[in-house]
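>
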Amino acid sequence: MPDIAAVKAALTAQRIETPSWGYGNSGTRFKVFAQAGVPRDPYEKLDDAAKVHEFTGVAPKVALHIPWDRVDDYTALGAHAKERGLELGAINSNVFQDDDYKLGSVCHPDPRVRRKATDHLLECVDIMDATGSSDLKLWFSDGTNYPGQDDIVGRQERLAEALAEVYERLGDDQRMLLEYKLFEPAFYTTDVPDWGTAYAHCLKLGPKAQVVVDTGHHAPGTNIEFIVAFLLSQGKLGGFDFNSRFYADDDLMVGAADPFQLFRILHEVAKNRGLEAETGVAFMLDQCHNIEAKIPAVIRSVMNVQEATAKALLVDLDALGEAQRSGDVLAANAALMDAYNTDVRPLLREVREERGLAPDPVAAYRASGWQEHIVADRVGGTQAGWGA
Ligand code: PSV
Ligand code: MN
Ligand code: MN
13 MPDIAAVKAA
23 LTAQRIETPS
33 WGYGNSGTRF
43 KVFAQAGVPR
53 DPYEKLDDAA
63 KVHEFTGVAP
73 KVALHIPWDR
83 VDDYTALGAH
93 AKERGLELGA
103 INSNVFQDDD
113 YKLGSVCHPD
123 PRVRRKATDH
133 LLECVDIMDA
143 TGSSDLKLWF
153 SDGTNYPGQD
163 DIVGRQERLA
173 EALAEVYERL
183 GDDQRMLLEY
193 KLFEPAFYTT
203 DVPDWGTAYA
213 HCLKLGPKAQ
223 VVVDTGHHAP
233 GTNIEFIVAF
243 LLSQGKLGGF
253 DFNSRFYADD
263 DLMVGAADPF
273 QLFRILHEVA
283 KNRGLEAETG
293 VAFMLDQCHN
303 IEAKIPAVIR
313 SVMNVQEATA
323 KALLVDLDAL
333 GEAQRSGDVL
343 AANAALMDAY
353 NTDVRPLLRE
363 VREERGLAPD
373 PVAAYRASGW
383 QEHIVADRVG
393 GTQAGWGA
């Protein structure tokens, strides 16, 4: 049986990074429903993220999206984070919202546009130098809408060229995390549509390039835990963008649509040492809270990851291994299901209380008065950008 002290230690050590854009207004292409009290600038996004960390104790890092979080002085932004017990996390590049990118960014047929896009990625590494961030997260909306529109292999070559240039610019303690997505906004071909394409590019680039798995970026029915297990076993899993989906890239709260899938993913992570800091797997959220209250939704999401992690840590790996070796299919499956069916909420409440935290972070947030404070204080919130 798993040692409960070790389970608690692993839960205490796990860190979950929250996205700056999750705190701002967002919506669909049909409507952005503005909420009262949302942050007006990146500094206020950090103020809200600090509340998530205050009540969960496990969310000290905040991912930035450039240019949504562009500021004049990143050192000052880093200092603002530090004063609140936070650190700046992954720098997410954005080569998808300028008119120039209609036919792509680093895969665009025009070298001028490719240069502009690559320069933006290099600028993101400059920002990482200033913020102390170690991860550059790359997601490309590049692709085509119609058969024959562009040369598939030619686009791969352009992509490889840009990635190689950015890879060369990375410092010793920096890495690039390449994110794939099946479709959208491109509807016929996407230049990085799946883990295999991302993996092939990362393998060619070298050890500082790893794949990021956004849980919302697969076709329905895809076995994401298989991808996770494979990438981890090859040292190529850089991290997660957690969210959940019912249909496409819905960006709903992680664990809301399919908590069992989240458990299966985290079981592979836990079993293959992905919870150990040295493995370097970043647990990030990439979500948008369009209709629900944002800060408590981020807290809820952090808790959902913790609950799935706790269940994964409760899997009796000795019993599982024994059942697998002896070909006992039912016993092996039962070893997983026993853990999944355990109510881990009391254990997590205990872990929090042992650290001097409130057992229920959402209730603690609601009682804190922060929501009333920001609603009264902030008039005219910014739009987070686009919540894809
Ligand atoms: C793209 O859909 C994505 O998942 C990428 O991570 C972007 O950076 C993020 O969404 C923007 O919300
Ligand atoms: Mn993502
Ligand atoms: Mn997405």
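Following the numbering used here, the numbering of the sequence shown begins with 13 at its first residue and continues without gaps. Virtual Cβ for every residue (Gly too), placed ideally from N, Cα, C.
When the Cα atoms are used, what is the spatial distance from Ser338 to Lys20?
Stepping through the sequence shown from its first residue, residue 338 is reached at position 326. Stepping through the sequence shown from its first residue, residue 20 is reached at position 8. Between Ser338 and Lys20, the C-alpha separation is close to 30 angstroms.
> What residue range is occupied by the uninterrupted alpha helix (DSSP H) comprising Met315?
Residue numbering aside, residue 315 sits at position 303 when the sequence shown is read from its first letter. Note, Met315: alpha helix (DSSP H), 306–325.
> Please classify Ala129: does DSSP put it in a helix, a strand, or coil?
In the sequence shown, counting from the first residue as 1, residue 129 sits at position 117. Looking at Ala129 - three-state DSSP - the assignment turns out to be helix.
> Count the other C-beta atoms from every protein chain shown that fall within 10 angstroms of the C-beta of Arg187, then say buried if there are 16 or more, exposed otherwise.
Position 175 of the sequence shown, counted from the first residue, corresponds to residue 187. The residue in question, Arg187, is buried, as its Cβ has 16 or more Cβ neighbours within 10 Å.
> Could you check whether the Cβ of Asp298 sits closer than 7 angstroms to any heavy atom belonging to ligand 2?
Along the sequence shown, read from residue 1 onward, the residue named residue 298 stands at position 286. The answer is yes for Asp298.
> In its own chain, which residues sit with a C-beta less than 8 angstroms from the C-beta of Ala22, not counting the 5 before and 5 after it?
Position 10 of the sequence shown holds residue 22. These residues qualify, in order along the chain: Ala282, Leu287, Thr321, Leu325.
> Can you look up Thr30 in the DSSP assignment and give me helix, strand or coil?
The sequence position of residue 30 within the sequence shown is 18, counting from 1. In the structure shown, Thr30 sits in a strand (DSSP, three-state: E or B).
> Excluding five sequence neighbours on each side, which residues of the same chain lie with their C-beta closer than 8 angstroms to the C-beta of Gly392?
Taking the first residue of the sequence shown as 1, we reach residue 392 at position 380. Excluding sequence neighbours, Gly392 sits near Arg52.
> Could you spell out the range, first to last residue, of the alpha helix (DSSP H) harbouring Glu56?
Position 44 of the sequence shown, counting from 1, holds the residue named residue 56. Here the alpha helix (DSSP H) through Glu56 covers 54–68.
> Identify whether Asp328 lies in helix, strand or coil by the three-state DSSP scheme.
Here the question's residue 328 lines up with position 316 in the sequence shown. Asp328: coil per DSSP, three-state reduction.
> Determine the burial state of Ala17: buried for a count of at least 16 other Cβ atoms within 10 Å of its Cβ, exposed for fewer.
The sequence position of residue 17 within the sequence shown is 5, counting from 1. Exposed, because fewer than 16 other Cβ atoms sit within 10 Å of the Cβ of Ala17.
> Are the beta-carbon atoms belonging to Thr30 and Val310 less than 8 angstroms from one another?
In the sequence shown, residue 30 corresponds to position 18, counting from 1. In the sequence shown, residue 310 corresponds to position 298, counting from 1. The criterion of a C-beta distance shorter than 8 angstroms is satisfied by Thr30 and Val310.
> Go through its chain and collect everything with a Cβ distance to Gly218's Cβ below 7 angstroms, but skip five positions before and after it.
Here residue 218 corresponds to residue number 206 of the sequence shown, with the count starting at 1. Around Gly218: Tyr179.
> Tell me where the beta strand (DSSP E) around Phe252 begins and ends.
Here residue 252 refers to the residue found at position 240 when the sequence shown is read from its first residue. Phe252 -> beta strand (DSSP E) spans 249–254.
> Using the Cα positions of Asp131 and Ile307, report the straight-line distance between them to the nearest angstrom.
As a position in the sequence shown, residue 131 is number 119, starting the count at 1. As a position in the sequence shown, residue 307 is number 295, starting the count at 1. Cα-Cα distance, rounded: 34 angstroms.
> What distance in whole Å lies between the Cβ atoms of Ala93 and Leu134, which are believed to be in contact at a cut-off of 8 angstroms?
Against the sequence shown, residue 134 aligns to sequence position 122. Against the sequence shown, residue 93 aligns to sequence position 81. Contact doesn't hold; Cβ gap of about 23 angstroms is too wide.
> Which two residues bound the contiguous alpha helix (DSSP H) that contains Phe272?
Mapped onto the sequence shown, residue 272 falls at position 260. Per DSSP, Phe272 belongs to the alpha helix (DSSP H) from 271–283.
> Any heavy atom of ligand 3 closer than 7 angstroms to the Cβ of Gly228?
In the sequence shown, counting from the first residue as 1, residue 228 sits at position 216. Because some heavy atom of ligand 3 lies under 7 angstroms away, the Cβ of Gly228 counts as near it: yes.
> Could you give the first and the last residue of the continuous alpha helix (DSSP H) run that contains His92?
Position 80 of the sequence shown holds residue 92. Unbroken alpha helix (DSSP H) run through His92: 86–95.
> Could you tell me the distance, in whole angstroms, from the CA atom of Val64 to the CA atom of Ala71?
To locate residue 64, count along the sequence shown from 1; it is residue 52. To locate residue 71, count along the sequence shown from 1; it is residue 59. The C-alpha of Ala71 is placed about 7 angstroms away from the C-alpha of Val64.
> Quick one: is Ala268 buried, meaning 16 or more other Cβ sit within 10 Å of its Cβ, or exposed?
Numbered from 1 along the sequence shown, position 256 holds the residue referred to as residue 268. Burial call: buried.
> Examine the Cβ distances between the stretch 119–129 and the stretch 226–238 and report whether three or more of them are shorter than 8 angstroms.
no
> Please tell me whether, using a cut-off of 7 angstroms, the distance from the CB of Phe33 to the nearest non-hydrogen atom of ligand 1 is below it.
Walking along the sequence shown from the start, residue 33 turns up at place 21. It is Trp, not Phe, that sits at residue 33 in the sequence shown. Indeed, a heavy atom of ligand 1 lies less than 7 angstroms from the Cβ.
> Helix, strand or coil for Val223, going by three-state DSSP, please let me know.
Position 211 of the sequence shown, counted from the first residue, corresponds to residue 223. Val223: strand per DSSP, three-state reduction.
> Which residues bound the beta strand (DSSP E) around Phe295?
To locate residue 295, count along the sequence shown from 1; it is residue 283. Phe295 -> beta strand (DSSP E) spans 294–297.
> Would you decide whether Tyr69 is buried or exposed? Buried here means 16 or more other CB atoms lie within 10 Å of its CB.
On the sequence shown, residue 69 is found 57 positions in, with the first residue counted as 1. First, the residue type needs correcting, since residue 69 is Gly and not Tyr in the sequence shown. Buried: at least 16 other Cβ atoms inside 10 Å.
> Name, in chain order, the residues that DSSP records as bridge partners for Arg187.
The count along the sequence shown starts at 1 and reaches residue 187 at position 175. Assignment of beta-bridge partners to Arg187 by DSSP yields Asp147.
> Assuming Gln222 contacts Leu249 (C-beta within less than 8 angstroms), just tell me the rounded distance between them.
Here the question's residue 222 lines up with position 210 in the sequence shown. Here the question's residue 249 lines up with position 237 in the sequence shown. That pair is a contact at about 7 angstroms.
> Just to confirm my understanding: we take Val356, look at its own chain, exclude 5 residues before and 5 after, and list those with CB closer than 6 angstroms. What are they?
Start at 1 with the first residue of the sequence shown, and residue 356 comes out as number 344. Counting only Cβ-Cβ distances below 6 angstroms, and skipping sequence neighbours, we find Glu319, Ala322, Lys323.
> Kindly indicate the opening and closing residues of the beta strand (DSSP E) around Lys20.
In the sequence shown, residue 20 corresponds to position 8, counting from 1. Per DSSP, Lys20 belongs to no beta strand (DSSP E); it is in the alpha helix (DSSP H), 16–25.
> Provide the residue span of the beta strand (DSSP E) that contains His77, from first to last.
The residue given as residue 77 occupies position 65 in the sequence shown. Here the beta strand (DSSP E) through His77 covers 73–77.
> Alpha carbon to alpha carbon, how far is Phe258 from Pro271? Give it in angstroms, no decimals.
As a first step, residue 271 is located in the sequence shown; it is residue number 259 there, counting from the start. As a first step, residue 258 is located in the sequence shown; it is residue number 246 there, counting from the start. Cα to Cα, the separation comes out at about 12 angstroms.
> Can we count Asn37 as close to ligand 1, meaning its CB is less than 7 angstroms from some heavy atom?
For the purposes of this step, residue 37 is identified with residue 25 of the sequence shown, where counting begins at 1. Not so, every heavy atom of ligand 1 lies at least 7 angstroms from the Cβ.
> Does Ala102 come out as helix, strand or coil in the three-state DSSP assignment?
Mapped onto the sequence shown, residue 102 falls at position 90. Note: Ala102 maps to strand in three-state DSSP.
> Beta-carbon separation of Val118 and Phe152 under 8 angstroms?
Start at 1 with the first residue of the sequence shown, and residue 118 comes out as number 106. Start at 1 with the first residue of the sequence shown, and residue 152 comes out as number 140. Yes, the pair counts as a contact, with Cβ atoms nearer than the cut-off.
> Mind the definition here: the stretch 144–158 touches the stretch 98–113 only if three or more C-beta pairs lie below 8 angstroms; say whether that holds.
A contact exists between the stretch 144–158 and the stretch 98–113.
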